[in-house]
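Below: one structure, written as structure tokens.
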Amino acid sequence: MKAPTRDKLSSVILWSIISAAFIGPGTVTTAASAGSQFQLQLLWAVTFATMACIALQEVSARITISSGLSFGQALDKKFGNQKGFWVKWLVGGSVVLGCAAYEAGNILGGTSGLVLLLGDYSKIFTILLTLTAALILWSGRGKWISTIMTILVAMMGIAFFALAFYGNFSFGEVVSSSIVPVIPPGAELLTLGLVGTTIVPYNIFLGSGISKGQTIPLMRVGLSISVIIGGLITAWILMAGTLATEFNSFADLSNQFQTKIGMIGVIALGVGLFAAGFSSAITSPYAASIIATSVFNAQKKSSIV
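For the sequence shown, numbering that gives the first Met the number 0 gives the first residue as 0, with consecutive numbering after it.
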């Protein structure tokens, strides 16, 4: 029996938190740098990373759906004894620390977007974004959080597609670059970066946590569509990066866009960067809470599902 369209849409909205999580300021920086330095040559890495992300997230979600245990709970069950205690703490602790490291960059990235749009009030913007993200998470309203993530992903998509639209390349070049692997000299680290900013370790735990209560068909629909949309946005950021001759800072990138295409470039970059930073500023601590509650047996106050 086929799932109703409404259920499929709800699943896409639920899983949009994954694309919101991996498209942060780091993704914007890496993809824009790849575009400015190597044009479309590394677009295939985005395709590979997107497909790999879907595969890994589905494995994690299937474990939860079939066993009733989240990835973190399965880890705790397997290594919760005295002998495996260090494994649980090594994996869980590393991912939690990673979330904390991401968070500073997420907030600063969102602040940079607002600075491009509204002026240099960085201290005020940093405080406002931090408090707003904290209040949203403190509310514990899972469906509301998912809806906010969907809106922010849509903002990113529109903003970066608008920038990519001005790129000087043909449809055939985009298709060819998306499927033909090429690593130009000096592009090794950027290639790894494009993969690493898409396949984010804490998303494995996050995806497992939000898949509880779903069927496998609904999970596959929501996960696949959401991650593919995220991959498209990353590709659009890379295409937008081809408008720049180099990437030194977001302010510098904004100036180059303004020179090439006018104020639309500044506005689109500001909106996209804000949405990328703010969405990840919400998902990163949420993922940390899921890891803490499942791996370390902490008491969970709320869930996104």
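Think of the CB as a built atom: it goes at the ideal place given N, C-alpha and C, for glycine as much as any other residue. In this text, all values refer to a predicted model and were calculated from it rather than measured experimentally.
Problem set entry | Where the alpha helix (DSSP H) through N254 begins and ends | Residue mapping note: residue 254 aligns to position 255 of the sequence shown, counting from 1. Segment 249-260, the alpha helix (DSSP H) holding N254.
Exercise. So what's V179 in DSSP terms, helix, strand or just coil?
Worked result: Translated into positions along the sequence shown, residue 179 becomes position 180. Coil, per DSSP.
Problem set entry | Sequence-distant residues of the same chain with beta carbon closer than 8 Å to V194, five excluded per side | By one-based count along the sequence shown, residue 194 stands at place 195. Correct list, in chain order: A44, F47, A48, A51.
For this session: Would you tell me roughly how many angstroms separate the C-alpha atoms of S152 and G108, rounded to the nearest one?
Result: As a first step, residue 152 must be located in the sequence shown, where it is residue number 153. As a first step, residue 108 must be located in the sequence shown, where it is residue number 109. Strictly speaking, residue 152 in this sequence is Val, with Ser absent from that position. Using only the alpha carbons, I get a separation of about 15 Å.
For this session: Hey, could you find the ends of the alpha helix (DSSP H) D119 is sitting in?
Result: Your numbering for residue 119 matches position 120 in the sequence shown. Element bounds for D119: n/a, residue is neither H nor E.
Exercise. Which of helix, strand or coil does DSSP assign to L13?
Worked result: As a working mapping, residue 13 is identified with position 14 in the sequence shown. Helix, per DSSP.
Exercise. How would you call F170, buried or exposed, if buried means at least 16 neighbouring beta carbons within 10 angstroms?
Worked result: Counted from its first residue, the sequence shown places residue 170 at position 171. Exposed, since its Cβ has fewer than 16 Cβ neighbours within 10 Å.
Problem set entry | Option in L268, L188, G206 with minimal Cα separation from A286 | Here residue 286 corresponds to residue number 287 of the sequence shown, with the count starting at 1. If we check each option's Cα against that of A286, G206 comes out closest.
Problem set entry | DSSP state of L128 mapped onto helix, strand, coil | Within the sequence shown, numbered from 1, the residue matching residue 128 stands at position 129. Residue state, collapsed to three classes: helix.
Exercise. In its own chain, which residues sit with a C-beta less than 7 Å from the C-beta of V90, not counting the 5 before and 5 after it?
Worked result: Walking along the sequence shown from the start, residue 90 turns up at place 91. L74, listed in sequence order.
Exercise. Are the CB atoms of A334 and T282 nearer to each other than 7 Å?
Worked result: An answer regarding residue 334 cannot be provided, because it is not within the stretch 0 to 304 covered by the chain.
Problem set entry | Exposure label - E102; buried when at least 16 CB within 10 Å | Against the sequence shown, residue 102 aligns to sequence position 103. By the neighbour-count rule (16 or more Cβ atoms within 10 Å), E102 is buried.
Exercise. Does the beta-carbon of S121 have 16 or more other beta-carbons within 10 angstroms, so that it is buried, or is it exposed?
Worked result: Residue numbering aside, residue 121 sits at position 122 when the sequence shown is read from its first letter. Exposed: under 16 other Cβ atoms inside 10 Å.
Exercise. Is G34 closer than 7 Å to L272 when the C-beta atoms are compared?
Worked result: Position 273 of the sequence shown, counted from the first residue, corresponds to residue 272. Position 35 of the sequence shown, counted from the first residue, corresponds to residue 34. Not closer than 7 Å, so no.
For this session: Mark W143 as exposed unless 16 or more other C-beta atoms lie within 10 angstroms of its C-beta, in which case mark it buried.
Result: Position 144 of the sequence shown, counting from 1, holds the residue named residue 143. Classification for W143: exposed.
For this session: Check whether the Cβ atoms of G264 and F277 sit closer than 7 Å, and answer yes or no.
Result: Position 265 of the sequence shown, counted from the start, is the residue given in the question as residue 264. Position 278 of the sequence shown, counted from the start, is the residue given in the question as residue 277. Cβ atoms of G264 and F277: not closer than 7 Å.
For this session: Throw me the rounded Cβ distance for the L217 and S10 pair, which I believe falls under 8 Å.
Result: Within the sequence shown, residue 217 is the residue found at index 218, counting from 1. Within the sequence shown, residue 10 is the residue found at index 11, counting from 1. That pair is a contact at about 5 Å.
Problem set entry | Best match in I236, L115, I12 for proximity to A335 [C-alpha to C-alpha] | The question about residue 335 has no answer here: the residues shown for the chain are numbered 0 through 304.
Exercise. Alpha carbon to alpha carbon, what distance is there between P184 and Q56?
Worked result: Residue mapping note: residue 56 aligns to position 57 of the sequence shown, counting from 1. Residue mapping note: residue 184 aligns to position 185 of the sequence shown, counting from 1. Taking the straight line joining both Cα atoms gives about 31 Å.
Exercise. If you compare alpha carbons, which of N202, L231, I147 is closest to V173?
Worked result: Taking the sequence shown and counting its residues from 1, one reaches residue 173 at position 174. If we check each option's Cα against that of V173, L231 comes out closest.
Problem set entry | Between the CA atoms of M238 and F164 - distance to the nearest angstrom | Here residue 164 refers to the residue found at position 165 when the sequence shown is read from its first residue. Here residue 238 refers to the residue found at position 239 when the sequence shown is read from its first residue. Roughly 8 Å separates the two Cα atoms.
For this session: Just the C-alpha distance for S210 and L188, rounded to the nearest angstrom, thanks.
Result: Here residue 210 refers to the residue found at position 211 when the sequence shown is read from its first residue. Here residue 188 refers to the residue found at position 189 when the sequence shown is read from its first residue. Whole-angstrom Cα-Cα distance: 33 Å.
For this session: Give the range of the alpha helix (DSSP H) segment to which Q72 is assigned.
Result: Against the sequence shown, residue 72 aligns to sequence position 73. For Q72, the enclosing alpha helix (DSSP H) starts and ends at 70-78.
Problem set entry | Within-7 Å CB hit, T258 to chain C | In summary, chain C is missing from the structure at hand, where a single protein chain is found.
Problem set entry | Residue ranges of each alpha helix (DSSP H) within the segment 175-234, 4 or longer | 187-195, 200-209
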